[in-house]
């Protein structure tokens, strides 16, 4: 941990605070989200398509509304949006703990997603501005804290969910309530992007971003990576429940997947980032990460017709490879967005980027949930995993094409 602490201490106070805040945000988020699919499909008895819809709506209301959050952050500063997002997520998680009908579940999920749309682009834009030329290193350390929350959250959530999933929701709401107070008191305000944000209309800003062809192409290709990474919350937990059964065994297997993923990311992020940065261009690093993400689903594909022990082991292998791919992609992906923005309207670019991928995630989750149901009913359990492998391979090839065409070196004038 010494290299991590050394790098952490080398950043300014706002960056360090944002990293610690992200750890806390993820503890609150991941104590609940890994078990939501099993709760919806199990105690609430929702069909696969309905589970995919609820999770997809949550993710779309976050990813799809990032543009609003990013635009507001450029105009009013990042701190107000970070605080507002924590307040809304407090309310959304509290409601999830007390409702059981599909319409109200969708509303609560949308609220928790929109909360992320408010604070996520603000956090990334704030961190990018504060770290300056050290963005890749800052986002690598940031992801260690991010993944540390993923590691700790499911462990806490497992203890709570074995009692009652509704208790998990209420405790997660309390975590975000406390985080709201801390950030109000301790996070320094930052300067809004007045020059590029407030002198033009919102639509004019959006047109500037939409006209950035290299940036838009990058976002379109990266949509598939988000569909793949989201299977940690949809396909893998649903498969874990099918393999291990409902109740404690299925919950424990799901927690193990997240524990392995979080530990690997915490221990390997800085080493993986340093190794990749020393050898390849950012575009090649992203493409390599996508290839690993695609390969991760080959394990459950190969084990689709095996017994529970082999199939459970395949899910662990999938979680490991999916994590390595995500670790490889994240710092270079975040840095590429800033470079393609030309350091103008950075939060709005992050928002636009995630709006594009949010549409893909909604479609991907609905498709994955539906195919999981249909494939099992038809006796073809390999089909969902084969589709995910193909999607990842297509995205990796697309990234290589953009990199060869030097698209990642472009920026608006």
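Numbering (this note's numbering), first residue to last: 764 to 1176. Every residue, glycine too, gets a C-beta built ideally from N, C-alpha and C. Note that the coordinates shown come from a computational prediction; the quantities given were computed from them, not determined experimentally.
I'd like to check one pair, residue j with residue i: are the Cβ atoms closer than 9 Å?
i	j	result
residue 872	residue 824	yes
residue 906	residue 1028	yes
residue 1063	residue 1148	yes
residue 899	residue 1036	yes
residue 1162	residue 1053	yes
residue 1131	residue 997	yes
residue 819	residue 1129	yes
residue 797	residue 928	no
residue 794	residue 876	no
residue 932	residue 1021	no
residue 865	residue 809	yes
residue 1097	residue 769	no
residue 1089	residue 826	no
residue 993	residue 789	no
residue 745	residue 910	Outside the shown range of the chain (764 to 1176) lies residue 745, about which nothing can therefore be said.
residue 840	residue 954	yes
residue 920	residue 936	no
residue 1103	residue 1055	no
residue 811	residue 1133	yes
residue 1091	residue 1039	yes
residue 1018	residue 1158	no
residue 1061	residue 1164	no
Taking its Cβ as the centre, do 16 or more other Cβ atoms sit within 10 Å of residue i, making it buried, or is it exposed?
i	result
residue 861	exposed
residue 1034	exposed
residue 975	buried
residue 1014	buried
residue 1016	buried
residue 1000	buried
residue 964	exposed
residue 838	buried
residue 944	exposed
residue 784	buried
residue 1142	exposed
residue 775	exposed
residue 766	exposed
residue 952	exposed
residue 867	exposed
residue 804	buried
residue 926	exposed
residue 1011	exposed
residue 1041	exposed
Taking the straight line between their C-alpha atoms, what separation do you get for residue i and residue j?
i	j	result
residue 1059	residue 1048	17 Å
residue 959	residue 979	For residue 959, the predicted structure reports a pLDDT of 48, less than 50, and the residue's modelled location is therefore unreliable. The matter cannot be settled from this model.
residue 853	residue 922	20 Å
residue 851	residue 1124	22 Å
residue 816	residue 800	11 Å
residue 892	residue 1115	18 Å
residue 771	residue 782	9 Å
residue 1138	residue 1067	11 Å
residue 903	residue 884	17 Å
residue 989	residue 863	28 Å
residue 1113	residue 1070	43 Å
residue 1135	residue 1145	9 Å
residue 966	residue 832	14 Å
residue 918	residue 813	26 Å
residue 1120	residue 830	11 Å
residue 896	residue 890	11 Å
residue 938	residue 912	12 Å
residue 1083	residue 1003	15 Å
residue 1238	residue 1140	Any property of residue 1238 remains undetermined from this structure, which presents the chain solely from 764 to 1176.
residue 779	residue 948	15 Å
residue 1101	residue 941	31 Å
residue 880	residue 970	20 Å
residue 1030	residue 1127	30 Å
residue 908	residue 1150	32 Å
residue 1023	residue 777	30 Å
residue 1166	residue 846	37 Å
residue 946	residue 834	21 Å
residue 1177	residue 1099	Outside the displayed range of the chain (764 to 1176) lies residue 1177, so it cannot be described from this structure.
residue 924	residue 802	9 Å
residue 914	residue 874	24 Å
For this session: Could you say if the segment 1001 to 1015 and the segment 1087 to 1107 meet the contact criterion of at least three C-beta pairs nearer than 8 Å?
Result: Touching, no.
Exercise. Can you list, in chain order, the stretches of the alpha helix (DSSP H) that have 4 or more residues and sit fully within the segment 850 to 922?
Worked result: 865 to 894
Exercise. Taking the runs of the alpha helix (DSSP H) that are 4 residues or longer, which of them lie wholly in the segment 795 to 828?
Worked result: Here the runs fully enclosed are 796 to 804 and 811 to 826.
Exercise. Per the contact definition of three or more C-beta pairs closer than 8 Å, is the segment 982 to 995 in contact with the segment 1065 to 1080?
Worked result: no
For this session: Jot down the residue ranges of each uninterrupted alpha helix (DSSP H) in the segment 1020 to 1070, minimum 4 residues, whole runs only, in chain order.
Result: 1045 to 1059 and 1061 to 1065
Exercise. Which parts of the segment 1137 to 1168 are runs of the alpha helix (DSSP H), unbroken and 4 residues or longer, counting only runs that do not cross its ends?
Worked result: 1146 to 1167
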